[in-house]
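Trainee:
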Amino acid sequence: MIPLWMFPLSITLGNTYVLKPSEKVPETAVMLMDLLAQSGVPKGVVNVVQGGAPTVTNICTHPDIRAVSFVGGNSAGEYIYKTSSNHGKRCQVNMGAKNHAIVMPDAEKEDTINALIGACFGSTGQRCMAISVVVLVGDSAEWIPEIVEKSKTLTVGPGHLNPDVSPINNRGALARVERLIADGEKNGDLLLDGRNPHVEGYPNGNWVGPTIIDNVKPGMDCYDEEIFGPVMCIVRADNAKHAIDIVNGNEWGNGAAIFTKNGHTARMFQNQCEAGQLGINLPIPVPLPMFSFTGNKASMWGTSNFYGKGAVQ
Numbered sequence: 001m002i003p004l005w006m007f008p009l010s011i012t013l014g015n016t017y018v019l020k021p022s023e024k025v026p027e028t029a030v031m032l033m034d035l036l037a038q039s040g041v042p043k044g045v046v047n048v049v050q051g052g053a054p055t056v057t058n059i060c061t062h063p064d065i066r067a068v069s070f071v072g073g074n075s076a077g078e079y080i081y082k083t084s085s086n087h088g089k090r091c092q093v094n095m096g097a098k099n100h101a102i103v104m105p106d107a108e109k110e111d112t113i114n115a116l117i118g119a120c121f122g123s124t125g126q127r128c129m130a131i132s133v134v135v136l137v138g139d140s141a142e143w144i145p146e147i148v149e150k151s152k153t154l155t156v157g158p159g160h161l162n163p164d165v166s167p168i169n170n171r172g173a174l175a176r177v178e179r180l181i182a183d184g185e186k187n188g189d190l191l192l193d194g195r196n197p198h199v200e201g202y203p204n205g206n207w208v209g210p211t212i213i214d215n216v217k218p219g220m221d222c223y224d225e226e227i228f229g230p231v232m233c234i235v236r237a238d239n240a241k242h243a244i245d246i247v248n249g250n251e252w253g254n255g256a257a258i259f260t261k262n263g264h265t266a267r268m269f270q271n272q273c274e275a276g277q278l279g280i281n282l283p284i285p286v287p288l289p290m291f292s293f294t295g296n297k298a299s300m301w302g303t304s305n306f307y308g309k310g311a312v313q
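Quick note: the sequence shown uses the UniProt record's numbering, first residue 1, plus one each step.
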């Protein structure tokens, strides 16, 4: 999916393109190239190179490459941005996220709970626009038992069976998710433990079910680090201003959301929240192709954004 944010506009504007896919999923890009060839794209316009860190460095330093785009983790993204920029290239990097959703006590209860569960656990939490932290303001904390009970109804299984939660991408990612859940269990309140679910026929799969950790605070690993898994971290706030300060206090700025019936509160969130994509009474929206995908702080480096006007520029 991610290369489709970049190369269509790139080749439409007259460029050739080099795609270096993740070494964990090399064949997907090859399939894309086959489809492009079948559609009539001339040979050499879009190219695939496979490899690890040395290949990345070659792309960032090669004199014939004028611009570099990247989506992924912060360690790789910061290296790519600095290396490419030092070699005179334009560079855009979309990195980690810790998206927060603020829930005000006046929010529409059922719609909000459904939205939170879908945004936290959909795609197994393995997407940059997933909600990772739910900030419950005041009496909205009373909704926690219902959130937990509804989350328990979600199914876990292989993708071809159309489950609610499918596997974690790889064993290393599984170990990271389990480590951060263990941190939440030690330092917070583990309300729903999704580790080691039983999935018939797949005893060695990378499975983690919906997990909910309450009383999470900055300084805990499960709050400070990107989990990228089906884990909801619950933080408490006294009022809307306190909740917005919590959102702005984390290092990332990919997206955030608020659920409220109060227009003043929604406008305050819109004007004060330091994030790219903002959702009001819906999970974090992903822009349509005519609008650019934005972000700030540790989530997005570079002066140009993905697709939309920013991509054309």
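Don't be surprised by glycine CBs; every beta carbon is placed ideally from N, CA and C. A quick note: this is a predicted structure, and the numbers were derived from the prediction, not measured.
1. Pull up the distance between the alpha-carbon of G52 and that of I102, whole angstroms please.
2. What residue range does the alpha helix (DSSP H) around M232 cover?
3. Output the distance between the C-alpha atoms of L19 and L174, rounded to the nearest integer angstrom.
4. From the DSSP output, read off the bridge partner residues of N296.
5. Please give the ranges of any beta strand (DSSP E) in the segment 2 to 69, keeping only runs that are unbroken, at least 3 residues long and fully inside the region.
6. Comparing alpha-carbon positions, which option in S140, V156, W143, A97 lies nearest T124?
7. Closest by CA to R179, which one among E226, L191, N86, V137?
8. Hey, quick one: how far does the alpha helix (DSSP H) through V177 stretch, first residue to last?
9. Which runs of the alpha helix (DSSP H) fall wholly inside the segment 98 to 148 and span at least 4 residues, in chain order?
10. Could you pull the start and end residues of the alpha helix (DSSP H) that G77 belongs to?
11. In whole angstroms, what separates the C-alpha of N99 from that of M6?
12. Would you please state the rounded distance, in angstroms, between the beta carbons of F121 and D183? I believe it to be under 8 Å.
13. Identify the continuous alpha helix (DSSP H) that holds R312 and give its terminal residues.
14. Does the distance from the C-beta atom of V177 to that of G96 stay below 8 Å?
15. Where do the ends of the beta strand (DSSP E) carrying D193 lie?
16. Buried or exposed: D34, going by 16 or more other Cβ atoms within 10 Å of its Cβ?
17. Quick check: the Cα distance between V220 and V235, rounded to an integer number of angstroms?
18. Can you give me the C-alpha to C-alpha distance between K217 and I258, rounded to a whole angstrom?
19. Leaving out the 5 sequence neighbours to the left and right, which residues in its chain are closer than 6 Å to S299 when beta-carbon positions are compared?
20. Tell me, to the nearest whole angstrom, how far the beta carbon of V148 is from that of I212; I am working on the premise that it is less than 8 Å.
21. Drop a sphere of 10 angstroms on the beta-carbon of K89, count the other beta-carbons inside from all chains shown, and report buried for 16 or more, exposed for fewer.
22. Can you tell me which of S22, T12, I11 puts its alpha carbon nearest to the alpha carbon of residue 319?
23. Counting C-beta neighbours from all protein chains within 10 Å, is the total for Q92 16 or more, i.e. buried, or is it exposed?
Mentor: The short version:
1. Walking along the sequence shown from the start, residue 52 turns up at place 52. Walking along the sequence shown from the start, residue 102 turns up at place 102. Near 39 Å, if we compare the C-alpha coordinates of I102 and G52.
2. Against the sequence shown, residue 232 aligns to sequence position 232. Counting along the chain, M232 falls outside any alpha helix (DSSP H), though it belongs to the beta strand (DSSP E) covering 231 to 237.
3. As a working mapping, residue 19 is identified with position 19 in the sequence shown. As a working mapping, residue 174 is identified with position 174 in the sequence shown. Going from the Cα of L19 to the Cα of L174 covers about 27 Å.
4. Working through the sequence shown from its first residue, we reach residue 296 at position 296. For N296, which the question treats as bridged, DSSP gives the partners G253.
5. 17 to 19, 46 to 48
6. Sequence index remark: in the sequence shown, residue 124 carries index 124 (1-based). Checking every option, the nearest Cα to that of T124 belongs to V156.
7. The sequence position of residue 179 within the sequence shown is 179, counting from 1. For R179, the nearest C-alpha among the options comes from E226.
8. Here residue 177 corresponds to residue number 177 of the sequence shown, with the count starting at 1. First-last of the alpha helix (DSSP H) with V177: 171 to 187.
9. 109 to 121
10. By 1-based counting over the sequence shown, the position of residue 77 is 77. Note, G77: alpha helix (DSSP H), 74 to 86.
11. Your numbering for residue 99 matches position 99 in the sequence shown. Your numbering for residue 6 matches position 6 in the sequence shown. N99 and M6: Cα-Cα distance of roughly 23 Å.
12. The residue you call residue 121 lines up with position 121 of the sequence shown. The residue you call residue 183 lines up with position 183 of the sequence shown. Incorrect: roughly 19 Å between the Cβ atoms, too far for contact.
13. Counting from 1 along the sequence shown, the entry for residue 312 is found at position 312. In the sequence as presented, Arg is not what sits at residue 312; that position holds Val. Where V312 is concerned, the enclosing alpha helix (DSSP H) stretches over 308 to 312.
14. The count along the sequence shown starts at 1 and reaches residue 177 at position 177. The count along the sequence shown starts at 1 and reaches residue 96 at position 96. The answer is no: Cβ separation not under 8 Å.
15. Counted from its first residue, the sequence shown places residue 193 at position 193. No beta strand (DSSP E) holds D193; DSSP gives it neither H nor E.
16. Residue numbering aside, residue 34 sits at position 34 when the sequence shown is read from its first letter. Exposed: under 16 other Cβ atoms inside 10 Å.
17. What you label residue 220 is simply residue 220 of the sequence shown in a count that begins at 1. What you label residue 235 is simply residue 235 of the sequence shown in a count that begins at 1. Just to set this straight, residue 220 is Met in the shown sequence, not Val. Near 12 Å, if we compare the C-alpha coordinates of V235 and M220.
18. Here the question's residue 217 lines up with position 217 in the sequence shown. Here the question's residue 258 lines up with position 258 in the sequence shown. Distance between the alpha carbons of K217 and I258 is about 19 Å.
19. Residue mapping note: residue 299 aligns to position 299 of the sequence shown, counting from 1. Once the five neighbours on either side are set aside, the close Cβ partners of S299 are M95, A97, W252, G253, N254.
20. Within the sequence shown, residue 148 is the residue found at index 148, counting from 1. Within the sequence shown, residue 212 is the residue found at index 212, counting from 1. Correct: roughly 6 Å between the Cβ atoms.
21. Sequence index remark: in the sequence shown, residue 89 carries index 89 (1-based). Buried, because 16 or more other Cβ atoms sit within 10 Å of the Cβ of K89.
22. The chain is shown only over 1 to 313; residue 319 falls outside these bounds and no answer can be derived.
23. Start at 1 with the first residue of the sequence shown, and residue 92 comes out as number 92. Q92 comes out buried.
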